[in-house]
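Student: Numbering (the numbering used here), first residue to last: 40 to 250.
C-beta: ideal position from N, C-alpha, C; glycine also.
If you're wondering where the values come from, they're calculated on a predicted model, not measured in any experiment.
First, the structure itself, so that you have it in front of you.
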Ligand code: VGL
Ligand code: ZN
């Protein structure tokens with residue numbers, strides 16, 4: 040049983056480029072949208088993140104001549120997977136999926152705007168230095184319990200949940216409201232094990248307490 044605290048729902052990157060047909064499509068990425076819409080009324084605050092890259096972003100394979108998608112590079116000392124260009128600022132692929140109900144969303148965090156570093160987490164860039172301000176926003180509201188949903192389980196959801204645990208929140212990941220990239224092989228399983236080992240609770244949407 041989950042004890043209801045002052046809580047928030049974090050909706051991670053439910054954008055067209057991460058859904059079927061998009062530039063960095065996550066398998067079944069759109070299947071989570073009805074689940075997220077259905078659970079939203081159970082939360083005191085709702086935050087949506089939006090991956091929002093300049094077209095010069097160095098996480099894009101196209102900005103590393105001779106390198107291929109999914110190859111690894113070093114970005115300022117941080118290992119980086121090279122992705123297809125995705126979620127370019129102002130492009131249609133960067134839009135939230137039209138079926139995601141944005142009406143209950145209190146705050147949108149746009150991340151990944153610095154071309155030189157990726158930002159998987161809703162809390163800070165991948166070098167763990169520059170903060171987005173989300174930690175202060177939540178703590179200022181007295182929120183202690185966070186529920187993570189969205190795309191992708193093994194990247195932005197994983198890094199956000201891990202940072203949240205490190206920042207002292209009680210953290211849950213709602214598995215049926217997430218889908219993963221799963222590159223490299225078994226990455227979703229690995230991410231789940233690491234999250235559990237770090238005190239993060241993996242649940243299903245049916246386990247959520249009432250509003
Ligand atoms: C993501 C790869 C690159 C994500 C964002 O939302 O999980 N993954 N940019
Ligand atoms: Zn990205």
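1. Given residue 55, which residues of its chain have a CB within under 7 Å of its CB, disregarding the five upstream and five downstream residues?
2. Locate the alpha helix (DSSP H) running through residue 228, then write down its first and last residues.
3. Which residue or residues does DSSP assign as beta-bridge partners of residue 214?
4. Nearest by alpha-carbon distance to residue 164: which of 128, 231, 90 and 232 is it?
5. Out of 234, 185, 236 and 192, which has the shortest C-alpha to C-alpha gap to residue 82?
6. Taking only heavy atoms of ligand 1 into account, decide whether any of them is closer than 7 Å to the Cβ of residue 122.
7. Which residues mark the beginning and the end of the beta strand (DSSP E) in which residue 85 is found?
8. Rounded to the nearest angstrom, what separates residue 108 and residue 50 at their Cα positions?
9. Expressed to the nearest angstrom, what Euclidean distance is found between the alpha-carbon atoms of residue 203 and residue 209?
10. Within the 8 Å Cβ cut-off, does residue 149 reach chain B?
11. Rounded to whole angstroms, what is the Cα-Cα separation between residue 239 and residue 47?
12. How about the region 93-110 and the region 135-149: do they share at least three Cβ pairs that are nearer than 8 Å?
13. Run through DSSP, which three-state label would residue 184 get?
14. Locate the beta strand (DSSP E) running through residue 111, then write down its first and last residues.
15. For the 8 Å Cβ check, are there 3 or more pairs between the region 191-206 and the region 225-237?
16. Spatial neighbours of residue 170 within its chain, please: C-beta separation below 6 Å, excluding the five flanking residues on both sides.
17. Should residue 191 be counted as a contact of ligand 1 given a C-beta to heavy atom distance under 7 Å?
18. Would the C-beta of residue 160 count as close to ligand 2, meaning under 7 Å from any of its heavy atoms?
19. Beta-carbon separation of residue 196 and residue 212 under 8 Å?
20. Measure from the alpha carbon of residue 125 to the alpha carbon of each residue in 93, 113 and 215, then state which is nearest.
21. Assuming residue 84 and residue 156 are in contact, meaning their beta carbons sit under 8 Å apart, how far apart are those beta carbons, in whole angstroms?
Tutor: The structure says:
1. In its chain, beyond the 5 residues on either side, 61, 131, 132, 134 and 136 have a beta carbon closer than 7 Å to the beta carbon of residue 55.
2. Where residue 228 is concerned, the enclosing alpha helix (DSSP H) starts and stops at 226-236.
3. Partner(s): none; residue 214 has no beta bridge.
4. For the residues 128, 231, 90 and 232, the minimum Cα distance to residue 164 belongs to 90.
5. Comparing Cα positions, the closest option is 185.
6. Residue 122 Cβ: within cutoff of ligand 1.
7. In the DSSP assignment, residue 85 falls within the beta strand (DSSP E) that extends over 84-90.
8. A direct Cα-Cα distance of roughly 26 Å separates residue 108 from residue 50.
9. When only Cα atoms are considered, residue 203 and residue 209 end up about 8 Å apart.
10. Of the chains in the structure shown, none is chain B; there is only one protein chain.
11. Rounded to whole angstroms, residue 239 to residue 47 spans 15 Å at the Cα level.
12. Per the Cβ contact rule, the region 93-110 is not in contact with the region 135-149 (fewer than 3 Cβ pairs under 8 Å).
13. Reduced to three states, the DSSP call for residue 184 is strand.
14. Unbroken beta strand (DSSP E) run through residue 111: 111-114.
15. The answer is yes - the region 225-237 touches the region 191-206, with three or more Cβ pairs under 8 Å.
16. For residue 170, the CB contacts under 6 Å within the same chain, skipping 5 residues up- and downstream, are 163 in chain order.
17. The answer is yes for residue 191.
18. Not under cutoff, so the answer is no.
19. The Cβ atoms of residue 196 and residue 212 sit closer than 8 Å to each other.
20. When only C-alpha atoms are compared, the closest one is 93.
21. Not really, about 27 Å apart at Cβ, beyond 8 Å.
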